[in-house]
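In this note's numbering, the protein residues as written are 551 to 1108.
Here's what the structure looks like:
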């Protein structure tokens, strides 16, 4: 798509919609056929393995047509398998979100989902990973919270260094709400960066957190009265910081423990920044923490379960294997705190699992761009400067935090142009040799700017992370020493075929329910129910082979 049209002010006059399909499987997604009615353009095509494609459904803007009748269907086969799926473009009128995209994976035994198109020129995204042998995972729904421990995925990543694993991350992670403990002009528009609390960010796949914590103090003479809050300000060390507070530290601790109790075995990194005091009415500059506040702060962190104390720090954390962390605490995994704020570098509590950020070498690249195109170009250039040889002595092989975000208007910019661009511009610029470790975003999982409830979220980043680790990095022979788990076993081995069936059975469970756009889930729909499918193809329907119907006919695909 044209970058300028991702700006809603330019997109408002067009009926063009995009449907991005990401193929992180060893199979080609082969377009079988399409048909469309009252579409100025209905452009779909094959998607090769490891690639993404932006497909176009351009609803007609001609007068004299009834938009209720607008529709199009694209039928795909997954080569080398008997699996197939369908993309439908349709309308739901009247509605605040009149244009809809239906992803029908019933031909894969993985259900259907109806999406509200978020905004004109804003893509709906489908991510598919896995294989015929392994089973398929898709972005229609989130899978288990402990995605790193998914069946067989642990076996894939356990021997890889942390710097050879990709994970979702969140920017200003604690700012899912404006709690108002800082009287300094920060509003949801300019200060909030997430729609989900830490618990739900973890469920949505995040494993790297940008947690900025300040002690917020009452004004003189009551500065000794304070609490710990996540904070987003322009400069935490300024005389008068401008911003606001988000989640409280005590709530975050409960949310972490809630998640790890339900989902053991993950490795989770919290990079702790700021670590300084700010007055509730900002003035007189920062309050640098004395030992009493430091001790209080550490006593709070010690309430987090599954910390990993007394780790051998002779080896930098990014060069440790995933299993080194995931197998800690009797297999319950690791919550790692990395101190990176206004504290002396030698202040850490290694016995309590609280470490200096210097224990892990990383490149935190931020483009500091105001709009999506220049940000994407800068981020991609950074990715390509990192070498992924698998050679421990290669200094260009490093842990890279890729900040896929811009600094203006986090909500509308993140949801409309920026996050969706990750799945076409970002994915198509990755290769087995070039990629970031952290895909850091604003508003993780959020598709619609007014809907933050779990049922309305998208699992695109969750599924992308699984697919990049499972498929793309497995194609790097310097990192992955074993045969890709997505490839079929040699057909000459009967035992291999038996093992393949066992893996497939344990990896995916058939589900043919329907998720409607309003969040309603129909677990056992009749086989004939397919939202968005038209029973009659009207006169004027256009097929991708150029045929145009001269008379209405029953839909042959019903």
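Ideal Cβ placement from N, Cα and C applies to all residues, glycine included. In this text the structure is predicted, and so the values were computed from the model without any measurement.
Distance from the CA atom of residue 1069 to the CA atom of residue 848, rounded to whole angstroms, is 41 Å.
When rounded, the separation of the alpha-carbon atoms in residue 1035 and residue 719 is 25 Å.
Residue 920 counts as exposed, since fewer than 16 other C-beta atoms from the protein chains shown sit within 10 angstroms of its C-beta. Under the three-pair Cβ rule at 8 Å, the stretch 787-794 counts as touching the stretch 726-743. Residue environment: residue 800 is assigned as exposed (fewer than 16 neighbouring CB atoms within 10 Å of its CB, all protein chains considered).
When the alpha-carbon of residue 910 is set against those of 750, 763, 1086 and 888, the nearest one is in 888. C-alpha of residue 1061 to C-alpha of residue 659: approximately 6 Å in a straight line.
Boundaries for residue 797: no alpha helix (DSSP H) harbours it, while the beta strand (DSSP E) harbouring it runs 793-798, taken from the DSSP string. Here residue 566 is bridged, per DSSP, to 608.
Excluding its 5 nearest sequence neighbours in each direction, residue 624 has C-beta neighbours in its own chain below 6 Å: 584, 594 and 637, listed in chain order.
Within the stretch 902-959, the complete beta strand (DSSP E) segments of 3 residues or longer fall at 904-906, 913-915 and 950-953, listed in chain order.
When the five nearest sequence neighbours on each side are left out, the beta carbons in the same chain lying within less than 6 Å of the beta carbon of residue 859 are those of 901, 902 and 903, in order along the chain.
Following the DSSP letters along the chain, one finds residue 836 in no alpha helix (DSSP H), marked with neither H nor E. Between the beta-carbon of residue 830 and that of residue 769 there is about 6 Å, and that keeps the pair under the 8 Å contact cut. Taking every protein chain shown into account, the CB of residue 753 has 16 or more other CB atoms within 10 angstroms, so this residue is buried. The C-alpha of residue 979 is placed about 16 Å away from the C-alpha of residue 1026. By alpha-carbon distance to residue 961, the top candidate from 704, 775, 721 and 640 is 721. DSSP links residue 758 through a beta bridge to 719 and 819. Nearest Cα to residue 958 within the set 602, 972 and 743: 743.
Per DSSP, residue 666 is one residue of the beta strand (DSSP E) stretching across 662-666.
If you ignore the 5 residues before and after residue 648, its C-beta comes within less than 8 Å of the C-beta of 617, 641 and 642, all in its own chain and listed in chain order. Taken atom to atom, the span from the alpha-carbon of residue 844 to that of residue 828 is near 15 Å. Fewer than three pairs of CB atoms, one per stretch, sit closer than 8 Å, so the stretch 1089-1096 makes no contact with the stretch 679-693. In the three-state reduction of the DSSP assignment, residue 869 falls in the helix class, which pools H, G and I. Counting only runs that start and end inside the stretch 613-647, there is no alpha helix (DSSP H) element of at least 4 residues.
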